[in-house]
Every structure is written in structure tokens, then in C-alpha cells.
């Protein structure tokens, strides 16, 4: 165990302390030597998070996870990866981004803040000097230097705000030189307004009008509501939107026409409508990944149970749920470059990472523990 330095702000406030521990983790598998994943873990009831570095070797079933405890970090956080860096997004009541080098996760290199209440949700990278950040509590898209934290520009989405004054930008994708921003447009968290996708031209960093024949700057109108995740697939040339739709008071998903997987054509800036509705997914859609023109996966469920379901992005057909994904909560699924799907399983009794082989949807390992806390996000 090693004790590391403590980062401080200019006012002397302690930002985070890091303690590195090496713990054995058994059963993880991936396709080639040296596959590495970075897993963000957290508790529901206490502050603090950990990052587990998962090193996997195909010839061995035993691997090592180095767990680094980030004290005083908001447990409501996400993790992203770009080039040689990891970025931890502190969301609700956090309003920070922590920058960490992959080769030394025990010593964060920077931490920068956004205005109180921003509630940052996503960061997407144009290059190492330019990234875009959106937050549910701000109508601005922040163009920043992602490592240094300098805010270069704010791009307002206020014209798309609903009756509570916010557009609620949640998730983003870059296609060519256009940034697509999913706007939930929930009113005090109630799903009552139509959702949109705003488009920003990254060459000019200004809003792009998707319908010049209509007065004013227009966004893409969605058929679904409450988009939580969007992802672009180069093979199909389409954007896939995971719309959570409505929830009802008991935590189950509502029977409506607003939940499901929606397809957007970035070439024409139009929605092609729902590909799959939430009834076919047995719950409100969550994290989504697209492997090919014929294979994608989506997490779905309600407050009691989450599952992962394979689907065909081309024709909307749905396969049987993946074996072993009956979890109380699956916040994220992710694909590595070797054809394996990683599932973050936050079950109360046996949380961990579950790995599947995309070729045949077979379960390879897991749930494998990533330390004392349950996994909430993963990056490569």
C-alpha cells in the first residue's frame, strides 16, 4: 500500500487523496495479452470512489486489479477515456472533472470546476486540445481544453429550454464536424415535453440549423423522450438514441410510446423513428453500444431488475437477454476492441464486471469483483 500526495485548490481545500492497493481479481478474460480496462466504482450511501485498473491476459484466468481510492469524490460520477488520459466526471453536486494519466492513476494531474449546479453529464473529444462538456443544470455546452480545464467558449442551448428553463443536455456524439447533443427537456424531472437533438458545427462552434426553411434555428425532433445515451456507428452511418421514456411512481417503466431505441440520420439531420420500443426490451432503455450493422446491445429494466439484450440495428429484431444479467442496476455496458462486451453489474449481493464474447453472446466470466465498491462505469 502506498500513500500519495493530496491535491489542493488555490484556497487550500483538499480535493482528493489517493491510496493505491493491489488486490487479486479472478476470472476476467479478454482476447489478447495486455488488454486493460479502467473501472470506476462507488457506493450509494457514502462519498468516495475507486478506480480499478484491470489487466487481462488471455493465457491466465487470474489477473490483478490496482484499486485507487479517490476520497471526497462524488459517488455520482462517470469515467471517460481519451488518448493517454482518464476523465472522471463528478455530476450532481460535484460539478468537477478530474484528469488522470493512465500510466499513473494514483496521482491525478488536474481537477477543474464548473459553475455550481452545472451537473456535468458527458464529455466528448474533438482532439486533445478541444472537448465539449454538457450538463443537465446548464444551457451551455462548454468548449474546453480537456486536460488543462480552460473554458474556451460557451455555446448556448437556451432557445431549446422547456418550461423549467433548461434544455437538459445529457449525451453527445460527434459525426464528421457536427456535434449532436441529446436534450431531455424534462420539466423538474417529469417527462412531459418533446425531446430534441441540437446540432453544433464544430468548425464554427455555433448552432447549426437543421431546417433552414423554418424560421429560427431548429433542432432534430425526436419521436421518443428522455434520451439518456446516444452513439454513432460508422458502418450503418446512423446515430442510435436510447430513450428512457417515462417512469411511474413505483419505479417501473411506463407503458407509452416514448421509450425505445430511435434512429437518427446525421446526413439528413432527421429522425427515422423508433427502431425498437421499450416493451420489446422489457423495460426502460439505458446504456447502448453498437458493434456492427447487425449486432448491438442495450441495458434496460426498471428499479428492481436490469438486463442486457442483443438486437439488430438494421432490422430492429431482438434476441434473448444475455445470461447472467439479472441485476438490480446496470449503469453502463462497453465494448473493447477485441470483440468483448463488458457489463457493470451493481447487484447488492455479488457486484462486479461480467464479460461476454460478442461473436456468440456467450458469457466468458463474472461477475468479477473490482474491489470494495461496486462498478459504475468503465473505459479503455
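Residue numbers (the working numbering): 4 to 383. Positions of the beta carbon are idealized from the N, C-alpha and C atoms, including for glycine. Predicted model only: the values in this text are computed from it and were never measured.
Contact belief for residue 171 with residue 225 at Cβ below 8 Å, rounded distance in angstroms: Position 168 of the chain shown, counted from the first residue, corresponds to residue 171. Position 222 of the chain shown, counted from the first residue, corresponds to residue 225. Between residue 225 and residue 171 the Cβ distance is about 13 Å, and since that is not below 8 Å, they are no contact.
Nearest-angstrom beta carbon gap, residue 261 and residue 194 [assumed within contact, 8 Å]: Within the chain shown, the letter at position 191 stands for residue 194. Within the chain shown, the letter at position 258 stands for residue 261. Yes, residue 194 and residue 261 are in contact; Cβ-Cβ is about 7 Å, under 8 Å.
Span of the beta strand (DSSP E) around residue 90: Position 87 of the chain shown, counted from the first residue, corresponds to residue 90. 88-93 is the span of the beta strand (DSSP E), which, as asked, contains residue 90.
Residue interval of the beta strand (DSSP E) (run including residue 286): Along the chain shown, read from residue 1 onward, the residue named residue 286 stands at position 283. Element bounds for residue 286: n/a, residue is neither H nor E.
Pick from 267, 273, 293 and 320 that is closest to residue 281, judged by C-alpha positions: Working through the chain shown from its first residue, we reach residue 281 at position 278. Taking only the C-alpha atoms, the option nearest residue 281 is 320.
Proximity below 7 Å, CB of residue 46 to CB of residue 96: For the purposes of this step, residue 46 is identified with residue 43 of the chain shown, where counting begins at 1. For the purposes of this step, residue 96 is identified with residue 93 of the chain shown, where counting begins at 1. It is not a contact, given that the beta carbons lie outside the stated cut-off.
Best match in 315, 363 and 302 for proximity to residue 347 [C-alpha to C-alpha]: For the purposes of this step, residue 347 is identified with residue 344 of the chain shown, where counting begins at 1. Closest by alpha carbon: 302.
Close Cβ partners of residue 222 (< 8 Å) along its chain, the five nearest in sequence each way excluded: Against the chain shown, residue 222 aligns to sequence position 219. Taken in chain order, the residues that qualify are 163, 186, 199, 200, 201, 202 and 213.
Distance, residue 218 Cα to residue 361 Cα: Here the question's residue 361 lines up with position 358 in the chain shown. Here the question's residue 218 lines up with position 215 in the chain shown. So the alpha carbons of these two residues sit roughly 46 Å apart.
7 Å Cβ shell around residue 295 - same chain, five flanking residues per side excluded: Numbered from its first residue, the chain shown carries residue 295 at position 292. Taken in chain order, the residues that qualify are 238.
Length of the line joining the Cα atoms of residue 174 and residue 291: Here residue 174 refers to the residue found at position 171 when the chain shown is read from its first residue. Here residue 291 refers to the residue found at position 288 when the chain shown is read from its first residue. Looking at the two C-alpha atoms, the distance is approximately 12 Å.
Buried versus exposed call for residue 197 [16 or more other C-beta atoms within 10 Å across all chains shown]: In the chain shown, the residue the question calls residue 197 occupies position 194. Exposed, since its Cβ has fewer than 16 Cβ neighbours within 10 Å.
Residues bridged to residue 156 (per DSSP): Indexing the chain shown from 1 puts residue 156 at position 153. DSSP lists 146 as partners of residue 156.
Cβ-based burial, residue 81 [other Cβ within 10 Å; buried from 16]: In the chain shown, counting from the first residue as 1, residue 81 sits at position 78. Buried, since its Cβ has 16 or more Cβ neighbours within 10 Å.
CA nearest to the CA of residue 268, picked from 139, 40, 289 and 178: What you label residue 268 is simply residue 265 of the chain shown in a count that begins at 1. When each option's Cα is compared against that of residue 268, the closest is 178.
Three-state class that DSSP yields for residue 116 in the structure shown: Here the question's residue 116 lines up with position 113 in the chain shown. Here residue 116 sits in strand by DSSP.
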